[in-house]
Amino acid sequence: MAEPSGILDTLGGARYLGRKRGPVDLRELVRAGLPYQAAEFLLLESLGLALDEAARLLAVSRRTLTRKRQNPKERLGPAESDRLYRLARTLTLASEVLGDDAAAREWLKTPNRALGGDRPLDLLDTEPGVRAVEDVLDRAAWGDVG
């Protein structure tokens, strides 16, 4: 399971989330709406996604994401924040299992037999997809790479 402190770091840590936060703050941060800057840090900078793909993963239109990008102090809504949190949790878990962030980013973008040939990243737009990806990572952590 991904460590909460790692999830906070994946979202940009104190740089984008304000004061140094602890794991207990995650629930309240998501409910209040994560800062748009955390989304840009994770999706566009860390993962290197195009704006269209970032919008798809957050289930918002490209136009909405562009508007938020023009006003970076704006916050995501609770549902968008929850989706971003799930993405951060999955990337953090992948980094923990695979040993580093670069390997995790590459793994998310590579078709995977255990996921029916889909890229893990393409499944992260729904909770069942996230669960499937995390299940593959959990099995890999225990040595079942099949």
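Residue numbering for the sequence shown follows my numbering, beginning at 6 and increasing consecutively.
From the three backbone atoms N, C-alpha and C, an ideal C-beta is built for every residue, glycine too.
Contact check, residue i vs residue j, beta carbons under 7 Å
| i | j | result |
| --- | --- | --- |
| residue 145 | residue 102 | yes |
| residue 52 | residue 93 | no |
| residue 87 | residue 29 | no |
| residue 4 | residue 83 | The displayed coordinates of the chain run from 6 to 151. Any statement about residue 4 would go beyond what the structure contains. |
| residue 107 | residue 96 | no |
| residue 128 | residue 134 | yes |
| residue 113 | residue 98 | no |
| residue 56 | residue 67 | yes |
Pick from the options that is closest to residue i, judged by C-alpha positions
| i | options | result |
| --- | --- | --- |
| residue 17 | 115, 104, 113 and 90 | 90 |
| residue 12 | 72, 122, 31 and 20 | 31 |
| residue 85 | 37, 113 and 118 | 37 |
| residue 15 | 24, 113, 44 and 23 | 44 |
| residue 130 | 65, 10, 23 and 21 | 65 |
Inter-residue CB distance, residue i and residue j (contact presumed, cutoff 8 Å)
| i | j | result |
| --- | --- | --- |
| residue 39 | residue 74 | With a Cβ gap of about 14 Å, residue 39 and residue 74 do not count as contacting. |
Q.
With a threshold of 8 Å, are at least 3 pairs of Cβ atoms found where one atom belongs to the region 96-111 and the other to the region 57-65?
A. Fewer than three beta-carbon pairs drawn from the region 96-111 and the region 57-65 are found closer than 8 Å, and the two stretches are therefore not classed as touching.
Q. What alpha helix (DSSP H) runs, 4 residues minimum, are completely inside the region 22-82?
A. 30-37, 41-44, 56-63 and 67-75
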